[in-house]
């Protein structure tokens, strides 16, 4: 079945450094790849997404890249701040449909 | 726009009781999805509904779990005869069209604890 793998499971960076989280997916029909941020005890919030007709998308300090051939996509956060500390989830839609398959999450800690 | 509303936020049930979780989608959204999140894990798809229709329940256990999205009122996820393994956070999401195109907006979740 469809699988989304996410690495690393934990990531600790110094404030101001960059953070990169990587995901791979198995369904070649996937065409939508969102990233969610979840703070402790709160809802997952969409922070950025990318569709398969685009290789890169940027929104201020956050960027996502997609390599369809290799079936992997990455989240890049530059100039990290303590408020970026949270769990980040990648996802891919199964068979170009509504069903999102989530990665297992990356716990990001930004040290002041 | 109040966003996706879920209630209750916390629910404690004894083994064998029933749990009812409610979800009101965002205004203008007619597609509802339920996901389960175990502690320290990702979100697992359970069911996708549109008004009065279950579109995909492939992620929902065959026994004890049911979901509905009536013409009027919120979507309901019902768990009968709860067991300890049902303890988790249950998130509802909604979208204006199919989520693969439009993306999801999640509610704040219901944290179910079975004692």
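Chains as they are written, first to last, in the numbering used here: chain A, 3 to 114; chain B, 15 to 129. Virtual Cβ for every residue (Gly too), placed ideally from N, Cα, C.
At what residue ranges does the region 87-126 of chain B contain a whole run of the beta strand (DSSP E), taking only runs of 3 or more?
Listed in chain order, the beta strand (DSSP E) elements of length 3 or more contained wholly in the region 87-126 of chain B are 89-93, 102-109.
Nearest-angstrom Cα separation, counted from residue 90 of chain A out to residue 15 of chain A
By 1-based counting over the first chain, the position of residue 15 of chain A is 13. By 1-based counting over the first chain, the position of residue 90 of chain A is 88. A direct Cα-to-Cα measurement between residue 15 of chain A and residue 90 of chain A gives close to 14 angstroms.
Could you tell me which of A/45, A/111, A/112, A/105 sits nearest to residue 4 of chain A, measuring between CA atoms?
Within the first chain, numbered from 1, the residue matching residue 4 of chain A stands at position 2. Residue nearest to residue 4 of chain A within the set A/45, A/111, A/112, A/105 is A/105 (criterion: CA-CA distance).
Which full runs of the beta strand (DSSP E) of 3+ residues lie inside the region 21-83 of chain A, going along the chain?
Under the rule that a run must span 3 or more residues, the beta strand (DSSP E) segments found entirely inside the region 21-83 of chain A read 21-27, 34-40, 47-53, 58-61, 64-69, 74-79.
Which of the residues in the region 58-81 of chain B, read from start to end, lie with their CB under 9 angstroms from any CB of chain A?
Result list: 58, 59, 62, 69, 70, 72, 73.
Euclidean distance between Cα positions of residue 84 of chain B and residue 66 of chain B
Counted from its first residue, the second chain places residue 84 of chain B at position 70. Counted from its first residue, the second chain places residue 66 of chain B at position 52. In a straight line, the C-alpha of residue 84 of chain B is about 5 angstroms away from that of residue 66 of chain B.
Using three-state DSSP, classify residue 14 of chain A as helix, strand or coil.
In the first chain, the residue the question calls residue 14 of chain A occupies position 12. Assignment of residue 14 of chain A by DSSP, reduced to helix, strand and coil, places it in the strand class.
Chain A within 8 angstroms of residue 122 of chain B, Cβ atoms only:
For the purposes of this step, residue 122 of chain B is identified with residue 108 of the second chain, where counting begins at 1. Judged by the 8 angstroms Cβ criterion, residue 122 of chain B is in contact with chain A.
For residue 10 of chain A, which of A/40, A/107, A/84 has the nearest alpha-carbon?
One-based indexing of the first chain puts residue 10 of chain A at position 8. Comparing alpha carbon positions, the residue from A/40, A/107, A/84 closest to residue 10 of chain A is A/107.
Pick helix, strand or coil for residue 4 of chain B, following the three-state DSSP scheme.
Residue 4 of chain B is absent from the model: chain B starts at 15 and stops at 129.
Could you tell me which residues DSSP pairs with residue 41 of chain B in its beta bridges?
Sequence index remark: in the second chain, residue 41 of chain B carries index 27 (1-based). Partner(s): none; residue 41 of chain B has no beta bridge.
Can you tell me whether DSSP reads residue 106 of chain A as helix, strand or coil?
As a working note, residue 106 of chain A is residue 104 in the first chain. Three-state DSSP puts residue 106 of chain A in coil, outside helix and strand.
Short of 8 angstroms Cβ to Cβ, which residues in the region 46-66 of chain A face chain B?
Closer than 8 angstroms at the C-beta level to chain B, one finds these residues of the region 46-66 of chain A: 46, 47, 48, 51.
Would you report the Cα separation of residue 97 of chain A and residue 33 of chain A, rounded to the nearest angstrom?
Counted from its first residue, the first chain places residue 97 of chain A at position 95. Counted from its first residue, the first chain places residue 33 of chain A at position 31. Taking the CA atoms as reference points, residue 97 of chain A sits about 8 angstroms from residue 33 of chain A.
Cross-strand partners of residue 16 of chain B (DSSP beta bridge):
Indexing the second chain from 1 puts residue 16 of chain B at position 2. Residue pairing by DSSP places residue 16 of chain B in no beta bridge whatsoever.
Quick check on residue 96 of chain A: does DSSP put it in helix, strand or coil?
In the first chain, the residue the question calls residue 96 of chain A occupies position 94. Shown here, residue 96 of chain A sits in a helix according to DSSP, grouped into three states.
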